[in-house]
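A.B. asks: Numbering that gives the first Met the number 0 puts the sequence shown at residues 0 to 327. Idealized CB from N, CA, C, for every residue including glycine.
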Amino acid sequence: MYSPRHTCLKLEVPNTTEPEQTESIFVKGTWFASRFHLSITNGLNAWICNGLEDDVRERSSQWDQPVSEYIELAERYLGFQQPGSVYGFSDAGNGDRRLSWTFHKEGTKLEWRWKCQLSPNRKETTAGILDFLMDANIRLSEEVVSKAQSCEKLKVEAEKCLAQSERFSNEKFLGVLNSKKAKLRELRDKLSKQESSRKLPEEEEEESTDKTEIYGSDDEKSEEEPAKNLIGTSKNVSASRPRDSGDGMSSFCFQFLGVLNSKKAKLRELRDKLSKQESSRKLPEEEEEESTDKTEIYGSDDEKSEEEPAKNLIGTSKNVSASRPRGR
Numbered sequence: 000m001y002s003p004r005h006t007c008l009k010l011e012v013p014n015t016t017e018p019e020q021t022e023s024i025f026v027k028g029t030w031f032a033s034r035f036h037l038s039i040t041n042g043l044n045a046w047i048c049n050g051l052e053d054d055v056r057e058r059s060s061q062w063d064q065p066v067s068e069y070i071e072l073a074e075r076y077l078g079f080q081q082p083g084s085v086y087g088f089s090d091a092g093n094g095d096r097r098l099s100w101t102f103h104k105e106g107t108k109l110e111w112r113w114k115c116q117l118s119p120n121r122k123e124t125t126a127g128i129l130d131f132l133m134d135a136n137i138r139l140s141e142e143v144v145s146k147a148q149s150c151e152k153l154k155v156e157a158e159k160c161l162a163q164s165e166r167f168s169n170e171k172f173l174g175v176l177n178s179k180k181a182k183l184r185e186l187r188d189k190l191s192k193q194e195s196s197r198k199l200p201e202e203e204e205e206e207s208t209d210k211t212e213i214y215g216s217d218d219e220k221s222e223e224e225p226a227k228n229l230i231g232t233s234k235n236v237s238a239s240r241p242r243d244s245g246d247g248m249s250s251f252c253f254q255f256l257g258v259l260n261s262k263k264a265k266l267r268e269l270r271d272k273l274s275k276q277e278s279s280r281k282l283p284e285e286e287e288e289e290s291t292d293k294t295e296i297y298g299s300d301d302e303k304s305e306e307e308p309a310k311n312l313i314g315t316s317k318n319v320s321a322s323r324p325r326g327r
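1) Just mark I137 as buried or exposed, buried being the case when its beta carbon has 16 or more other beta carbons within 10 Å.
2) Any chance the region 48-68 sits against the region 18-37, with 3 or more Cβ pairs inside 8 Å?
3) With a Cβ-Cβ cutoff of 8 Å, do A45 and T101 count as a contact?
4) Does the distance from the C-beta atom of F25 to that of P3 stay below 8 Å?
5) Starting from the C-beta of A238, find all residues in its chain whose C-beta is less than 6 Å away, skip the five residues before and the five after it, and write them out in chain order.
6) Under three-state DSSP, which class holds Y297?
7) Could you tell me the alpha carbon to alpha carbon distance between Y86 and G28, rounded to whole angstroms?
8) With C-beta atoms as the reference, is Y331 less than 8 Å away from R58?
9) How about L153 and Q80: do their beta carbons lie closer than 8 Å?
10) Taking DSSP as the reference, what is the three-state secondary structure of K234?
11) With a threshold of 6 Å on Cβ separation, who are the neighbours of E141 within its own chain once the five nearest residues in sequence on each side are excluded?
12) Go through its chain and collect everything with a Cβ distance to G106's Cβ below 7 Å, but skip five positions before and after it.
13) What separation, rounded to the nearest whole angstrom, lies between the Cα atoms of C7 and K159?
14) Shortest alpha-carbon distance to G83 belongs to which of D63, K108 and R96?
15) Kindly provide the ranges of any alpha helix (DSSP H) runs that are 4 or more residues long and lie completely inside the region 14-84, ordered along the chain.
16) Tell me the start and end of each unbroken beta strand (DSSP E) in the region 103-127 that is at least 3 residues and wholly inside, in chain order.
17) Starting from the C-beta of E165, find all residues in its chain whose C-beta is less than 6 Å away, skip the five residues before and the five after it, and write them out in chain order.
18) Going along the chain, which residues of its own chain have a beta-carbon closer than 6 Å to the beta-carbon of K74, five neighbours each way excluded?
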């Protein structure tokens with residue numbers, strides 16, 4: 000079953016009594032498949048227009064249009080005021096009015112005109128238009144309220160989606176951050192292990208250097224003690240044998256030089272061991288040079304310390320031999 004369509008349009012048209020002024024009219028249209036009905040009011044009077052099927056068919060045939068196209072054109076121009084179209088509501092005599100508007104078709108300006116008769120019941124016609132407007136207003140208000148509520152719901156849903164997306168992004172970011180932290184911890188542990196492994200050879204080197212110094216001091220003490228013992232022995236010998244010859248003194252010097260050479264050999268062995276340890280640990284070149292310099296310094300000091308007791312002993316032996324009385 001075909002359901003009619005309804006429209007209502009407010010128009011500003013020239014006033015028939017005062018052409019310089021305009022008046023407002025409300026045009027309510029009810030549109031069917033092949034006919035239409037119009038109700039018009041200006042607040043004081045009311046008019047009606049019934050477009051019967053025969054009249055509509057005759058008008059549409061004059062314009063070479065189908066009936067449906069003719070009805071659609073009238074509905075479009077009386078449903079919404081079209082720009083460029085001139086609307087009019089002129090006097091047709093006996094209280095009747097003629098509703099008209101202009102439009103262009105294939106470059107030709109045409110005018111749509113229908114005669115509207117004065118309504119026999121102005122109040123009913125005006126009330127019908129007002130009822131339609133009020134119902135439309137209520138319906139539009141309800142639609143506005145429902146749209147506003149739906150917008151609020153959409154806003155709440157959007158906020159929820161935004162919060163959820165932020166939570167997901169934060170969780171993802173935290174996961175990435177934790178993985179990066181774990182990698183940093185692993186790298187830090189590896190670095191600390193490498194530093195500790197580098198520190199161990201340095202500590203061992205320092206310990207070996209300290210031990211070398213200790214060995215050097217012990218050797219010096221051990222050399223000083225035999226020298227003292229030899230000096231005491233030479234004194235005792237010289238005291239016990241006052242008339243001994245110079246051959247005994249020369250044998251004593253040869254013995255002391257033998258002890259001194261043995262100590263030097265031990266120092267060279269210690270120095271060779273230290274250089275081998277340093278080369279096996281692959282220390283930097285600067286540390287190797289410093290350790291070699293230190294070892295050479297230790298060797299030179301030991302040689303000097305060994306030569307000085309020897310000189311002292313030789314001098315002492317000469318003094319002893321000089322102080323002894325000559326044999327017969």
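C.D. replies: According to the structure data:
1) exposed
2) yes
3) no
4) One thing to note: F25 has its Cβ no nearer than 8 Å to the Cβ of P3.
5) Because the pLDDT of A238 is 41, which lies under 50, any placement of that residue in the model is unreliable, and the question is left without a value.
6) Note that Y297 scores a pLDDT of 45, beneath 50, so its modelled location is shaky and nothing firm can be said.
7) 16 Å
8) There is simply no residue 331 to check, as the chain begins at 0 and stops at 327 in what is shown.
9) The criterion of a C-beta distance shorter than 8 Å is not satisfied by L153 and Q80.
10) Caution is warranted here: a pLDDT of 44 is assigned to K234, below 50, making its placement in the model unreliable, and the coordinate value is therefore given only provisionally. It is helical.
11) none
12) Closer than 7 Å at the Cβ level, and outside the excluded window around G106, lies no residue.
13) 42 Å
14) K108
15) Entirely contained in the region 14-84, the alpha helix (DSSP H) runs reaching 4 residues are, in chain order, 52-61 and 66-78.
16) 107-117
17) Around E165: no qualifying Cβ.
18) The question names Lys, but residue 74 is Glu in the sequence shown. For E74, where only same-chain residues beyond five positions count, the Cβ hits under 6 Å are W30.
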